[in-house]
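> Have a look at the structure that comes next, please.
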Amino acid sequence: MADAAAVSHGHGTGTGLSNNKLLMWTFLGSECLLFGGLISTYLIYRSRFGDGPAPGDIFDIPFTSVSSFVLLMSSLTMVLSLSALQRGDIRNNRIWLLTTALLGALFIGGQVYEFTTFLREGLGYTTSPFSSAFFTLTGFHGVHVSLGIVMLMSLLISSFRGTLTKERSETVEIVGLYWHFVDVVWIFIFTVIYLVPSPTS
Amino acid sequence: MSTDTAEHVDTHDEAHDHPSDRKYVQVAIILAIVTALEVGTYWMESVPGEVLIPVLMLMMVYKFFYVAAWFMHLKFDSPMFTKFFVAGLILATIVYGIMLTAFEFWHKG
Numbered sequence: 001m002a003d004a005a006a007v008s009h010g011h012g013t014g015t016g017l018s019n020n021k022l023l024m025w026t027f028l029g030s031e032c033l034l035f036g037g038l039i040s041t042y043l044i045y046r047s048r049f050g051d052g053p054a055p056g057d058i059f060d061i062p063f064t065s066v067s068s069f070v071l072l073m074s075s076l077t078m079v080l081s082l083s084a085l086q087r088g089d090i091r092n093n094r095i096w097l098l099t100t101a102l103l104g105a106l107f108i109g110g111q112v113y114e115f116t117t118f119l120r121e122g123l124g125y126t127t128s129p130f131s132s133a134f135f136t137l138t139g140f141h142g143v144h145v146s147l148g149i150v151m152l153m154s155l156l157i158s159s160f161r162g163t164l165t166k167e168r169s170e171t172v173e174i175v176g177l178y179w180h181f182v183d184v185v186w187i188f189i190f191t192v193i194y195l196v197p198s199p200t201s
Numbered sequence: 202m203s204t205d206t207a208e209h210v211d212t213h214d215e216a217h218d219h220p221s222d223r224k225y226v227q228v229a230i231i232l233a234i235v236t237a238l239e240v241g242t243y244w245m246e247s248v249p250g251e252v253l254i255p256v257l258m259l260m261m262v263y264k265f266f267y268v269a270a271w272f273m274h275l276k277f278d279s280p281m282f283t284k285f286f287v288a289g290l291i292l293a294t295i296v297y298g299i300m301l302t303a304f305e306f307w308h309k310g
């Protein structure tokens with residue numbers, strides 16, 4: 001058990017670094033390529049809306065700003081949950097983990113509301129190249145947030161089972177890296193897709 | 202100091218030299234202010250795109266790296282993690298920069 005904990009903190013590895021953390025960072029590096037592809041595709045197709053609604057006509061910036069703020073604040077609660085566990089404060093760790101999951105769920109709720117509003121206004125997945133690129137990009141991001149919520153709930157269950165201890169804080173740190181990455185991707189999407197002036201019909 | 206001991210010190214620092222909760226809250230406040238400034242540009246209709254877009258990009262890049270540095274601990278962790286992440290970021294920028302150029306995105310806007 002002690003050996004396993006030591007290895008997870010980088011002792012005995014070739015680099016002197018945690019293999020799990022290095023793996024997560026490599027994965028996040030590869031995710032840059034995935035989201036880069038989706039964002040570039042959106043940029044190429046954003047002017048091709050045909051007879052359907054144009055991005056500049058349909059985006060609700062004040063609403064999306066609120067959900068962006070919610071996701072940004074979830075990064076704070078995520079890092080506070082890690083900080084609590086590193087101090088051995090299990091109670092606060094659970095509170096912040098749950099808060100992060102709830103903020104993530106609130107963001108997803110906002111996205112579902114946005115998608116249904118767009119559908120009612122005539123913007124479906126196959127309406128135009130713009131709509132396909134938009135739903136694919138933001139939908140992929142939403143799936144990432146949803147997976148993050150599943151990971152957070154798994155951590156919470158582990159905590160209540162007594163297996164998430166101060167010695168295993170690296171697990172929370174690795175899930176946190178994923179969560180913060182999802183946040184930084186949204187920082188990019190929010191500016192490039194929503195705030196940069198979009199074409200209107 | 203033996204190599205083993207040096208490794209121990211490095212990884213110990215890596216795991217525990219993180220900022221205080223107060224510092225994290227300060228970082229979040231700064232991020233919230235920058236986000237509010239970004240959103241504020243939405244109502245500045247008189248500002249031309251040539252000025253607005255670079256300003257938005259600057260604020261976005263600042264927020265991106267601020268989160269990576271403080272919340273993702275790149276500022277405190279081993280530079281190796283930064284290298285792995287930045288490698289993906291640079292590769293994506295080059296690949297999709299070429300793609301956007303091939304599709305004449307910069308001319309069409």
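Respectively, the protein sequence lines represent chains U and C.
Using the working numbering, you'd call the opening residue of the first sequence number 1 and step up by one each time.
Using the working numbering, you'd call the opening residue of the second sequence number 202 and step up by one each time.
Quick reminder that beta carbons are idealized off the backbone N, C-alpha and C, glycines included.
Taking all protein chains shown into account, decide if C:Met258 is buried (16 or more other Cβ within 10 angstroms of its Cβ) or exposed.
So C:Met258 ends up on the exposed side.
> Just the Cα atoms here: how many angstroms apart are U:Leu123 and U:Gly50?
If I take the Cα positions, the gap works out to 11 Å.
> Is the Cβ-Cβ distance between C:Gly289 and U:Leu28 less than 9 Å?
yes
> Compare the C-alpha of U:Glu121 against each of U:Leu22, U:Leu80 and U:Pro55 and name the closest.
The shortest Cα separation from U:Glu121 among U:Leu22, U:Leu80 and U:Pro55 belongs to U:Pro55.
> Could you give the DSSP three-state label for U:Phe190: helix, strand or coil?
helix
> Evaluate contact between the region 267-278 of chain C and the region 170-189 of chain U, counting only Cβ atoms and requiring at least three cross-stretch pairs below 8 Å.
yes
> Do you know offhand how far U:Lys21's Cα is from U:Asp57's?
43 Å
> Where does the unbroken alpha helix (DSSP H) through C:Met327 begin, and where does it stop?
Lying outside 202 to 310, the shown extent of chain C, residue 327 of chain C is not represented and no answer is given.
> Give the C-beta separation of U:Phe190 and U:Leu38 to the nearest angstrom, bearing in mind that I take them to be a contact with Cβ-Cβ under 8 Å.
Incorrect: roughly 14 Å between the Cβ atoms, too far for contact.
> Roughly how far, in whole angstroms, is the beta-carbon of U:Gly104 from the beta-carbon of U:Ile149, given that I think they are within contact range, below 8 Å?
Yes, they are in contact, since the Cβ atoms of U:Gly104 and U:Ile149 sit about 5 Å apart, within 8 Å.
> Measuring alpha carbon to alpha carbon, tell me which of U:Ser83, U:Trp179, U:Thr165 and U:Ser30 ends up nearest U:Ser146.
U:Trp179
> Please confirm whether U:His180 has its beta-carbon closer than 9 Å to some beta-carbon of chain C.
Contact with chain C is found for U:His180, since one of that chain's Cβ atoms lies less than 9 Å from the residue's Cβ.
> Closer than 7 Å by beta-carbon distance: list the chain U residues that pair up with C:Lys276, in chain order.
Those within 7 Å of C:Lys276 in chain U number zero; the least Cβ separation is about 13 Å.
> Should U:Leu17 and C:Met281 be called a contact, given that it needs their Cβ atoms to be closer than 9 Å?
yes
> Can you tell me which of U:Arg48, U:Phe134 and U:Gly176 puts its alpha carbon nearest to the alpha carbon of U:Met153?
Looking at the Cα atoms, U:Gly176 is the closest of the given residues.
> Can you grab the Cα-Cα spacing for the pair C:Val296 / U:Ser65, in whole Å?
Near 30 Å, if we compare the C-alpha coordinates of U:Ser65 and C:Val296.
> Using only alpha-carbon positions, find the residue among U:Leu195, U:Asp89 and U:Thr200 that is nearest to C:Ala237.
U:Leu195
> Is it true that the CB of U:Phe59 sits closer than 9 Å to the CB of U:Ser198?
With respect to the 9 Å criterion, U:Ser198 and U:Phe59 are classified as neighbours on the basis of their beta carbons.
> Applying the criterion that 16 or more other CB atoms from any shown protein chain within 10 Å of the CB defines a buried residue, is U:Ile174 buried or exposed?
buried
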